[in-house]
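Take 1 as the starting number for the sequence shown in the UniProt record's numbering and just add one per residue. See structure below.
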Amino acid sequence: MLHKFALAFKTKTIEFFAEEEDDEDADRLSCSPLPGADGVLPGQRVVVLKPDPLNPNPSAGGIGQAASGEEAAVEAALATVSSFQAAYLHLQAAHAPFLPEAAAAADAAAVSHLRRLSEVKRIARRGPAADPPGDGALTAHLEAQVRENQALLRSFDAVVNRLQAALDAKDAAAAALRLDLEALDDANARLSARLDRALAPPPGGDAVGAMLSAGVFDSVLRDALRVAHRFARALAEVLRCAGWDLAAAAAAAYPGVSYSKPGHCRYALLSRVCLSMFDGFDSYEFGATADTTELEGIELAIRRNESLQQFIEHSDADPMELMNSSPDCDFAQFCDRKYKQLIHPGIESSLFGNSECGTLPVMSVAGPLYELFVAMASSIWTLHRLAWAYDPEVGIFQVSRGTEFSTVYMENIVRSKGFSGSRELGKAVRPKVGFTVVPGFRLGGTVIQCRVYLDHGKREEETIDSI
C-alpha cells in the first residue's frame with residue numbers, strides 16, 4: 001500500500017517536466033515493456049538528468065582572463081601615476097627651503113615611477129598571453145592597490161610636511177610677537193612708574209608750598225648768576241690772553257653803546273653769555289625739539305610735579321659726574337646744545353666781531369673752562385626745573401636798547417649812585433637802556449627785575465621786547 005502511494009506521488013511530481021512531449025513519450029513507452037513486477041505504474045514519465053559539459057564554451061575563460069588583465073593594467077597605471085604625483089610633491093617641497101638630499105631622493109623616486117609606468121604600458125601592449133599562469137592577475141591587482149595606497153600615503157606625507165612648515169612659521173611669528181608684547185609691557189611699566197612718581201606728592205607735603213615762593217626762586221637765580229659771572233670772567237681772561245680786544249668785541253656785539261668806564265665792556269660779554277644760556281627758558285624742553293602735541297597732552301599737574309622732582313634730584317647731583325655717567329640724559333643734551341650755541345664759530349663772529357680764534361683748547365671737555373661751563377649750565381638747568389614747578393609757570397622777559405629805565409622792571413647792573421640821566425633843553429631825561437645783561441622774570445604778580453647796562457650817551461627811544 002505504501003509502495004503504491006510513493007509511486008503515485010513520484011508520478012505527479014515528474015508530470016510537470018513531460019507535458020510538452022506527450023505524443024513522443026507515448027510512442028516510446030508503447031514500444032517498451034512494462035515492468036509490472038518492479039512496481040512501475042502504467043503512464044509513468046521518466047526524465048534523465050545529465051551533467052554540464054566540462055568546458056561548454058572554451059573561449060569564455062580567455063575573455064574573462066583578458067578582462068582581468070586589462071583591469072590589472074589600468075589599476076597598475078593609476079597607482080604608478082599616483083606614486084609619481086606624490087614623488088613630484090616631495091620634489092617641490094624639497095625646494096622651499098632647498099634640501100639637496102630630499103630633492104635627490106624625490107627626483108630618483110619620480111624617475112623610477114616613470115620607468116614603472118613605461119613597463120606597465122609595455123606589458124599592456126603585449127596582451128594577456130604575457131601574463132603568468134595561475135594567480136598572476138590577482139597578484140598584479142593587489143600589488144597595484146598597494147602601490148596606489150603607498151602613493152596616497154606619500155602625498156599625504158608631503159601635505160603634512162607643508163602644513164608643518166607653515167605651522168612652524170606661524171609659531172616663529174607668534175614668538176616674535178610675544179617678544180614685541182613683552183617689550184611694550186616693559187615700556188608701559190616704565191611709563192606707569194614715571195606717571196606714579198609724577199602724581200605722587202613730593203616729600204614734605206607742607207614744605208612744598210613754602211618752597212615754591214618768589215624768595216626761593218630769586219635765591220636760586222642769584223646762585224646761577226654768580227656762577228655765570230665766574231664763567232664770563234674766566235672766558236674774558238682767556239680771550240685777553242689769546243690776543244683779543246674786548247673793547248672791540250663789545251663794540252661789535254652792541255655797536256654805538258657808550259660805556260662809562262673802559263672796563264665795562266666785560267658786561268657785553270656777560271650779556272651774551274646769559275642771554276644765550278637763558279634762550280628757550282620759556283619752553284618746557286628748554287629749546288629742545290620735541291613733539292608739541294605730546295607736550296600739550298601732558299596734564300599740568302603731572303608736569304609740575306615732575307619738574308619739582310627733577311629740581312630736587314638735580315640739586316643734590318654732581319653735574320660733572322652726571323655728564324660722565326649718563327651722557328644721553330636731558331641735562332647732558334642741554335649742555336651740548338648750549339655749548340654749541342655759545343662757542344659756535346657763527347656765534348663767535350656775531351659776539352666778538354672776529355672768528356679767527358677758532359676752537360679754544362680750554363673749552364675742550366678736559367679743559368678747566370669746561371668745568372665752569374658745566375657748573376653754570378647745571379645752575380641754570382636747576383632754575384628752569386624750578387620755574388616749571390610753579391602754577392602758573394614763571395615767565396621771562398628782557399628789554400631792548402633805548403628803552404627808558406624803570407625801577408619797577410629793571411635794575412642797573414653797575415649800581416652807580418650818581419648817574420641819573422642827561423638834560424635836554426633844561427629838562428631831565430631819564431636814562432636809556434644800552435642792553436640787557438640778565439633777563440627778568442614774572443612769578444604771578446611778582447616781578448624779578450632784569451639787569452641792564454645803561455647807555456651813557458644820547459640815543460633815540462626804542463620799544464620793549466619781551467620773550
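Every residue gets a Cβ at the ideal spot worked out from N, C-alpha and C, and that includes glycine.
- [ ] Just tell me which of 378, 376, 246, 389 has its CA closest to the CA of residue 216.
- [x] 389
Task: Residues sharing a beta bridge with residue 407, DSSP - done: According to DSSP, residue 407 bridges with nothing at all.
- [ ] Take the Cβ of residue 346 as the centre, count every other Cβ of all protein chains shown within 10 Å, and call the residue buried at 16 or more, exposed below.
- [x] Residue placement at residue 346 is poorly supported in this model, since its pLDDT is 46, which falls under 50; the coordinates are not used for a value here.
TODO: Out of 315, 229, 252, 162, point me to the one whose CA is closest to residue 369's CA.
DONE: 229
Task: Alpha carbon of residue 321 to alpha carbon of residue 437, nearest angstrom - done: 30 Å
Task: The beta strand (DSSP E) enclosing residue 401, as first and last residue numbers - done: From DSSP, residue 401 is part of no beta strand (DSSP E); its letter is neither H nor E.
Open item on the list: Residues in the same chain with beta-carbon distance under 8 Å from residue 102, minus the five sequence neighbours each way, listed in chain order, please.
Closed with: 90, 93, 94
Open item on the list: If the criterion is Cβ atoms closer than 8 Å, does the pair residue 86 and residue 158 meet it?
Closed with: yes
- [ ] Return the chain-ordered list of same chain residues with a C-beta closer than 8 Å to the C-beta of residue 258, the five sequence neighbours on each side being excluded.
- [x] 434, 455, 456, 457
Open item on the list: Quick check on residue 403: buried or exposed, where buried means 16 or more other Cβ atoms within 10 Å of its Cβ?
Closed with: buried
Task: Three-state class that DSSP yields for residue 441 in the structure shown - done: strand
Task: Range of the contiguous alpha helix (DSSP H) that encloses residue 212 - done: Segment: none, residue 212 is in no alpha helix (DSSP H) and carries neither H nor E.
- [ ] Give the secondary structure of residue 471 by DSSP, where H, G and I count as helix, E and B as strand, and everything else as coil.
- [x] With the chain covering only 1 through 467, there is no way to say anything about residue 471.
Open item on the list: For a test of your reading of the model: does the CB of residue 259 fall under 7 Å from any non-hydrogen atom of the ligand FAD? Yes or no.
Closed with: The ligand FAD is not part of this structure, which contains no ligands at all.
Task: Distance between residue 211 and residue 317 (C-alpha atoms, nearest Å) - done: 19 Å
TODO: With DSSP as the reference, label residue 395 as helix, strand or coil.
DONE: strand
Open item on the list: For a test of the three-state rule: what should DSSP assign to residue 220, helix, strand or coil?
Closed with: helix
- [ ] Tell me whether residue 190 sits in a helix, a strand or coil according to DSSP, three-state version.
- [x] helix
TODO: Measure the C-alpha to C-alpha separation of residue 394 and residue 221 and round it to an integer number of angstroms.
DONE: 12 Å
Task: For residue 448, the residue or residues it bridges with in DSSP - done: 441
Open item on the list: Contact between the stretch 442-454 and the stretch 405-415 is defined here as three or more beta-carbon pairs at a separation below 8 Å; is this criterion met?
Closed with: yes
Task: CA-to-CA distance, residue 442 to residue 269, given in whole angstroms - done: 25 Å
- [ ] Can you grab the Cα-Cα spacing for the pair residue 377 / residue 398, in whole Å?
- [x] 20 Å
- [ ] Just confirm the distance between the C-beta atoms of residue 84 and residue 110, as a whole number of angstroms; I'd bet it's less than 8 Å.
- [x] 6 Å
Task: Alpha-carbon to alpha-carbon, residue 446 and residue 319 - done: 30 Å
TODO: Pull up the distance between the alpha-carbon of residue 189 and that of residue 242, whole angstroms please.
DONE: 54 Å
Open item on the list: Give me the residue from 256, 379, 373, 407 with the minimum Cα distance to residue 310.
Closed with: 379
- [ ] Could you round the C-beta distance between residue 223 and residue 396 to whole angstroms and report it? I think they count as a contact, below 8 Å.
- [x] Incorrect: roughly 17 Å between the Cβ atoms, too far for contact.
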